[in-house]
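Below is one structure, written out as structure tokens, with a few remarks after it.
Residue numbers (the numbering used here): 1294 to 1870.
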């Protein structure tokens, strides 16, 4: 058997030759359509890999050195509707189909939870909220409302109802932890008496006022079993549950559940990195040294929760270093901006309220806390803080942390007291008395259940500490910008030391919903265009919004009522006109 003279050299000088041959200043990039690593340009690619065509042994050695000598960059993968998968409901984007199925299954499991509530005993709920503390109080509130079902003029099951017409405005409240808690509680309840019978009804019993159940009869076992990792790049087999969807429409006016085909859908860059590492043979995987993940588009499947999928590979490879660059405006603002093409070119919104960021920021902190708890220091997050608009977002994140700390140290609401909103009321609810509707606390009212973080203490326990670490340059999160100074905790605490829970709720409500932040240049229209590549998807700037779009705008914005201590601005009044 012939052996190339080059292979007779010791491995060390061979590797030195490989490194000089394979290294590129711009490193390697992962190409989603082909699932291959590529050099920065097509011209460089054949130059760097040609030697490997000479001999299989050389090719194998080159693969190892190419991984160890180059930084590998991942960016979000556009799941193109031109051929990414088979067509379902006119949509070929596999990412879009996956996101749609995730949301439909969540709706179905919430409906199932409402029906099987008699099987759930208090200790099951305690176990669930103890396991998922970041959503504990809100999860209990949602569960209580699902237990009650529809009741009178105010429908407590708004968290279920909203899945059919205004889910686009509040689905981002249902975090990865909420999804996990929902699955966990259903699993605990499964051994209860009559569970199977009641669960089966979730696929046979129409939802009052909204039409057929989300999935067809006999699907409840498949629903309970479908619990993929949210960073999954699904196969057609993974999406087979689509065939069991009943695609309900609201009986009153025929709203479709959603139209995911109207936008471009992406798999997160982190999901692609996980897929790449998973596909590598174990022996080759240990040669990977440096990975950079650029999250500059919103990925499907709660992308803020995807980093935990990297943990097993970091634990296996002690020399692997991963950096995740997070574009705040592209990854913190949820799909409320992109799932429905509501506004058209004539919608010129340039401001967004802080509520649009807050739940996602909180979930990022939850996930980074999970990474920190593993003891890993080889994974870092870099939040892009460049630009005046981003700086305003950051300053309000710090204010949220300060308000959380102030509430934790207050004499009336702090020191680990259990917080319930049973005695907190909104002036909007009081106004309903004139209509003959009984006043209810906010925790029992459908309007307010769509907000997961209703008071500062609803933020993750580690939130204020994590923000402090960022300001001081500690920990695994870095802020690429001016992190600024620490807040004056003495002043925050002194002002609020004797506040009631109602006081904290009112301040927080006004802060999250009526703190306006200017969008980057181009506003909402520019943001939309980043997810809509083809101009034919866009309305003419002279064409008025359709009646359906106008109605949905009101559905989305009507909950943003005037703040409790000030009058609505002209812009806010126009938004709900």
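Backbone N, C-alpha and C define an ideal beta-carbon position, used for all residues, glycine too.
Just so we're clear, the structure is a prediction, and the values are computed from it rather than from any experiment.
{"query": "8 Å Cβ cutoff met for residue 1356 and residue 1579", "result": "no"}
{"query": "For residue 1672, three-class secondary structure by DSSP", "result": "strand"}
{"query": "C-beta contact flag for residue 1808 and residue 1557 at 8 Å", "result": "no"}
{"query": "Residue interval of the beta strand (DSSP E) (run including residue 1735)", "result": "Premise fails: residue 1735 is in no beta strand (DSSP E) and is neither H nor E."}
{"query": "Element boundaries [beta strand (DSSP E), containing residue 1618]", "result": "1614–1620"}
{"query": "Beta-carbon contacts of residue 1372 that lie in its chain and below 7 Å, excluding the five residues immediately before and after", "result": "1386, 1387, 1388, 1389, 1558, 1559, 1560"}
{"query": "Continuous alpha helix (DSSP H) assignments of at least 4 residues falling wholly in the region 1671–1709", "result": "1681–1701"}
{"query": "Residue 1308 versus residue 1575 - alpha carbon distance", "result": "20 Å"}
{"query": "Beta-carbon proximity of residue 1526 to residue 1562, cut-off 8 Å", "result": "no"}
{"query": "Integer Cβ distance of residue 1773 from residue 1676, believed to fall under 8 Å", "result": "7 Å"}
{"query": "Sufficient close CB pairs (3 or more, under 8 Å) joining the region 1704–1720 to the region 1653–1673", "result": "no"}
{"query": "Of the listed residues 1411, 1472, 1537, nearest to residue 1421 (C-alpha basis)", "result": "1472"}
{"query": "Endpoints, alpha helix (DSSP H) assigned at residue 1489", "result": "1488–1494"}
{"query": "Among 1524, 1466, 1703, nearest to residue 1601 - alpha-carbon criterion", "result": "1524"}
{"query": "Assigned secondary structure, residue 1322 (DSSP; H/G/I helix, E/B strand, else coil)", "result": "strand"}
{"query": "Same chain, Cβ closer than 7 Å to residue 1651, neighbours up to 5 away in sequence not counted", "result": "1693, 1746, 1805"}
{"query": "Top-ranked residue by Cα proximity to residue 1515, from 1505, 1671, 1476, 1486", "result": "1476"}
{"query": "Pick from 1644, 1657, 1622 that is closest to residue 1680, judged by C-alpha positions", "result": "1622"}
{"query": "8 Å Cβ cutoff met for residue 1440 and residue 1410", "result": "yes"}
{"query": "Residue environment, residue 1791, which counts as buried when at least 16 other CB atoms sit within 10 Å", "result": "exposed"}
{"query": "For residue 1771, the residue or residues it bridges with in DSSP", "result": "1675"}
{"query": "Those residues which DSSP pairs with residue 1366 across a bridge", "result": "1322, 1585"}
{"query": "C-alpha gap between residue 1392 and residue 1313, whole angstroms", "result": "43 Å"}
{"query": "Inter-stretch contact (C-beta, 8 Å, three-pair minimum) for the region 1488–1496 and the region 1394–1414", "result": "yes"}
{"query": "Span separating the alpha-carbon of residue 1435 from that of residue 1418", "result": "12 Å"}
{"query": "Enclosing alpha helix (DSSP H) for residue 1760 [first to last residue]", "result": "1756–1765"}
{"query": "One or two residues paired with residue 1395 in a DSSP bridge", "result": "Paired residue(s): none; residue 1395 is not in a bridge."}
{"query": "CB-CB length for residue 1506 against residue 1539, believed under 8 Å", "result": "6 Å"}
{"query": "Sub-8 Å separation of residue 1468 and residue 1595 beta-carbons", "result": "yes"}
{"query": "Other residues of its chain near residue 1810: CB distance less than 8 Å, five sequence neighbours each side excluded", "result": "1644, 1645, 1646, 1647, 1650, 1682, 1685, 1686, 1689"}
{"query": "Residue 1353 classed as buried or exposed, judged by whether at least 16 other C-beta atoms fall within 10 angstroms", "result": "exposed"}
{"query": "Selected residue, minimal CA-CA separation from residue 1366, among 1757, 1783, 1754, 1566", "result": "1566"}
{"query": "Pairwise C-alpha distance: residue 1759 and residue 1508", "result": "41 Å"}
{"query": "Residues near residue 1734 in its chain [Cβ-Cβ closer than 7 Å; skip 5 each side]", "result": "1714, 1715, 1716, 1717, 1718"}
{"query": "Alpha-carbon spacing of residue 1818 relative to residue 1812, whole angstroms", "result": "10 Å"}
{"query": "Pair within 8 Å by beta-carbon distance, residue 1797 and residue 1749", "result": "yes"}
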